[in-house]
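A.B. asks: I'd like to ask some things about the structure below.
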Amino acid sequence: MEKLDIPQGTLDLMILTMLAREPMHGYGISQRLAVLSRDQFRVNPGSLFPSLYRLEQDGKLKGQWRATENNRRAKYYRLTTSGRRQLEEHRTRWNRVSFAVASVLEGA
Amino acid sequence: MTLLHRLASIVRWIFRRNQAERDLNDELQTFVDMAAADEIRDGATGAEARRRAAVQLGGMEQAKERVRGARHGAWLDVAGRDVRYGLRQVRRNPAFSAIAIATLALGIGGTTAMFGVFDAVLVRPLPYADADRLVMVWDWETGGTDLTSRFNSTPAEWIEWRRLNTVFTDLACTQPADATLSGHGEPELVPARKVTWTFWSVLGVQPMLGRAFTEDEDNKGVRVVIISHGLWQRRFGGASDIVGRAIPSTTSPTK
Chain A
0 MEKLDIPQGT
10 LDLMILTMLA
20 REPMHGYGIS
30 QRLAVLSRDQ
40 FRVNPGSLFP
50 SLYRLEQDGK
60 LKGQWRATEN
70 NRRAKYYRLT
80 TSGRRQLEEH
90 RTRWNRVSFA
100 VASVLEGA
Chain B
0 MTLLHRLASI
10 VRWIFRRNQA
20 ERDLNDELQT
30 FVDMAAADEI
40 RDGATGAEAR
50 RRAAVQLGGM
60 EQAKERVRGA
70 RHGAWLDVAG
80 RDVRYGLRQV
90 RRNPAFSAIA
100 IATLALGIGG
110 TTAMFGVFDA
120 VLVRPLPYAD
130 ADRLVMVWDW
140 ETGGTDLTSR
150 FNSTPAEWIE
160 WRRLNTVFTD
170 LACTQPADAT
180 LSGHGEPELV
190 PARKVTWTFW
200 SVLGVQPMLG
210 RAFTEDEDNK
220 GVRVVIISHG
230 LWQRRFGGAS
240 DIVGRAIPST
250 TSPTK
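Note that the protein sequences, when read in sequence, are chains A and B.
The first sequence begins at 0 in numbering that gives the first Met the number 0 and counts up one residue at a time.
The second sequence begins at 0 in numbering that gives the first Met the number 0 and counts up one residue at a time.
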């Protein structure tokens, strides 16, 4: 089946949510996203890394190079305090949006 | 805080460009390596695994360019490239550039000068009290239609206008009367004007030292002067006892 496009503005929310559990590197995030979305979403690195860099620039994420379990060096991203706040706000807004859309669809 | 982070990050990107580029390259390379390792684990051969990993990334340079373009401050890169390109063009064609720059310089200079005049004459109010209520009054030739039919009034007219005046707070009259100063130092021609005693109150100004002219002095034609601050400083060294001193001049000795 064809993969779904990631809805505009939700990639940041999903990145922040996944990183709230544990720090991950770029490849880890893309793999986790595929698994969690039951293989519906497949994020292109050309979209993932720009998002990561912007979130890092805004101080929502902090990147750090360290060794992976396979002894490779990778840049791990973790959520900052400001990132955690952003996640809360984003999440609340998303819940409202999805609830509103669902209400319309059911009511029509 | 977000703004501070952004600024710091833009500054880092400018000054530690090579480091940032290396990091980006390493990060994307790591992505490809990890993807390839997973492909091998899933049963692909080495070459096939690397090919599939590269496809996943969708082109190393394209991915880098997208990251660079998405960063805050990406416009700085673009602007920097434009500036460098512009300077290269200037160097390549100096004659044309010189003409273009000279044209710009003249244009900007001319416009600035025009604005300077416009600002002083039309925009800024005169440095007098109630400047918006100050007007010039002229005699007008009967049937005259343009400014050439305008002429100066006489002292007698001033007296009559003042007596019959119902519209103005007051009227003052002035005539050019440039004078040559003699006495101490080089003789010197200074711009000067004869004015009526009402001149100072009409403009709403007062001398820094001494007093303005009195009606009595005006009626009797007493020769008194008020000098400018510039002249006081320059010719009289800012003397504190200047008030009441006689100033020799060709027009007549004057106090």
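Backbone N, C-alpha and C define an ideal beta-carbon position, used for all residues, glycine too.
(1) Would you say Gly-58 (chain A) and His-4 (chain B) are within 7 angstroms of each other, going by their C-beta atoms?
(2) Quick check: what's the CA-CA separation for Ile-241 (chain B) versus Arg-192 (chain B)?
(3) Please classify Phe-48 (chain A) as buried or exposed, where buried requires at least 16 other C-beta atoms within 10 Å of its C-beta.
(4) So Leu-51 (chain A) and Tyr-76 (chain A) are supposed to be a Cβ contact under 8 angstroms. How far apart are they, rounded?
(5) Here's a check: name, in chain order, each residue in its chain whose Cβ is nearer than 8 angstroms to the Cβ of Val-189 (chain B), leaving out the five neighbours to either side.
(6) Please name the residue or residues paired with Tyr-52 (chain A) in a DSSP beta bridge.
(7) Buried or exposed for Ile-5 (chain A), going by 16 or more other Cβ atoms inside 10 Å?
(8) Can you tell me where the beta strand (DSSP E) with Thr-173 (chain B) in it begins and where it stops?
(9) Identify whether Ser-96 (chain B) lies in helix, strand or coil by the three-state DSSP scheme.
(10) Quick one: is Ala-73 (chain A) near chain B, going by C-beta distance under 7 angstroms?
(11) Going along chain A in order, which residues have a C-beta closer than 8 angstroms to the C-beta of Ser-96 (chain B)?
(12) For Asn-151 (chain B), collect the residues of the same chain with a Cβ closer than 8 angstroms to its Cβ; drop the 5 residues on either side in sequence, then sort them by chain order.
(13) Under 7 angstroms, do Tyr-127 (chain B) and Leu-75 (chain B) count as touching if we go by C-beta distance?
(14) For Ala-101 (chain A), which of helix, strand or coil comes out of DSSP?
(15) Measuring only the C-alpha atoms, how far is Ala-19 (chain A) from Arg-65 (chain A)?
(16) Can the beta-carbon of Val-42 (chain A) be found less than 7 angstroms from the beta-carbon of Leu-32 (chain A)?
(17) Under 9 angstroms Cβ-Cβ, which residues of chain A neighbour Asp-81 (chain B)?
(18) Quick one: is Pro-252 (chain B) buried, meaning 16 or more other Cβ sit within 10 Å of its Cβ, or exposed?
(19) Report the three-state DSSP secondary structure of Tyr-127 (chain B) (helix, strand or coil).
(20) Could you run through the stretch 77-91 of chain A and flag, in chain order, every residue whose CB is less than 8 angstroms away from some CB of chain B?
(21) Are three or more beta carbon pairs between the stretch 33-41 of chain B and the stretch 49-62 of chain B nearer than 8 angstroms?
(22) Based on Cα-Cα distance, which residue from B:Val-134, B:Pro-154, B:Ala-46, B:Gly-109 lies nearest to Asn-218 (chain B)?
(23) Looking at the structure shown, is His-24 (chain A) part of a helix, part of a strand, or coil, going by DSSP?
(24) Taking buried to mean at least 16 other C-beta atoms within 10 Å of its own C-beta, is Lys-254 (chain B) buried or exposed?
(25) In whole angstroms, give me the CA-to-CA distance for Arg-90 (chain A) and Val-100 (chain A).
(26) Sorted by chain position, which residues of the same chain lie with C-beta nearer than 7 angstroms to Ser-96 (chain B)'s C-beta, five sequence neighbours on each side aside?
(27) Roughly how many angstroms lie between the CA atoms of Phe-14 (chain B) and Glu-20 (chain B), to the nearest whole one?
(28) Below 8 angstroms on the Cβ atoms is my contact criterion, and I expect Thr-195 (chain B) with Cys-172 (chain B) to pass it. Report the Cβ-Cβ distance as a whole number of Å.
(29) Using C-beta distances below 8 angstroms, list every residue in its chain close to Glu-156 (chain B), excluding the 5 sequence neighbours before and after it, in chain order.
(30) Distance, Cα to Cα, Val-204 (chain B) vs Thr-111 (chain B)?
(31) Buried or exposed: Glu-38 (chain B), going by 16 or more other Cβ atoms within 10 Å of its Cβ?
(32) Let's test the definition: count the other Cβ atoms within 10 Å of the Cβ of Lys-2 (chain A) and tell me whether it reaches 16, buried, or not, exposed.
(33) Take Gly-209 (chain B) and list the residues in its own chain whose beta-carbon comes closer than 7 angstroms to its own, dropping the five residues that flank it on each side.
(34) On the three-state DSSP scale, how would you describe Asp-4 (chain A)?
(35) Taking only three categories from DSSP, how would you classify Ala-43 (chain B)?
(36) Only counting the same chain, and skipping five residues up and downstream in sequence, which positions put a Cβ closer than 8 angstroms to that of His-24 (chain A)?
C.D. replies: Here's the rundown:
(1) yes
(2) 20 angstroms
(3) buried
(4) 6 angstroms
(5) Asp-177, Ala-178, Thr-179, Leu-180, Leu-230
(6) In DSSP, Tyr-52 (chain A) forms no bridge with anything.
(7) Around the beta carbon of Ile-5 (chain A), 16 or more other beta carbons lie within 10 angstroms, which makes this residue buried.
(8) 173-175
(9) helix
(10) yes
(11) Within chain A, no residue comes near Ser-96 (chain B); the closest Cβ sits about 37 angstroms away, beyond 8 angstroms.
(12) Trp-137, Asp-138, Gln-174
(13) no
(14) helix
(15) Distance from the CA atom of Ala-19 (chain A) to the CA atom of Arg-65 (chain A), rounded to whole angstroms, is 18 angstroms.
(16) yes
(17) Per Cβ cutoff of 9 angstroms: no residues; Asp-81 (chain B) is ~22 angstroms from chain A at best.
(18) Legend: pLDDT at Pro-252 (chain B) = 44, less than 50; position of this residue unreliable, no value from coordinates given.
(19) If DSSP states are grouped into helix, strand and coil, Tyr-127 (chain B) belongs with coil.
(20) Of all residues in the stretch 77-91 of chain A, Ser-81 have a Cβ within less than 8 angstroms of some Cβ in chain B.
(21) Yes: the two stretches touch, three or more of their Cβ pairs being nearer than 8 angstroms.
(22) Per the Cα distances, B:Pro-154.
(23) strand
(24) Model confidence at Lys-254 (chain B) stands at a pLDDT of 42, short of 50, so the residue's coordinates are unreliable and nothing is read from them.
(25) 15 angstroms
(26) Val-89
(27) Each residue's Cα considered, the two are about 12 angstroms apart.
(28) Contact flag correct, Cβ pair sits at about 5 angstroms.
(29) Closer than 8 angstroms at Cβ, skipping near neighbours: Asp-138.
(30) 31 angstroms
(31) Its Cβ being crowded by 16 or more others within 10 Å, Glu-38 (chain B) is buried.
(32) exposed
(33) Val-242
(34) coil
(35) coil
(36) Thr-67, Ala-73, Lys-74, Tyr-75, Tyr-76
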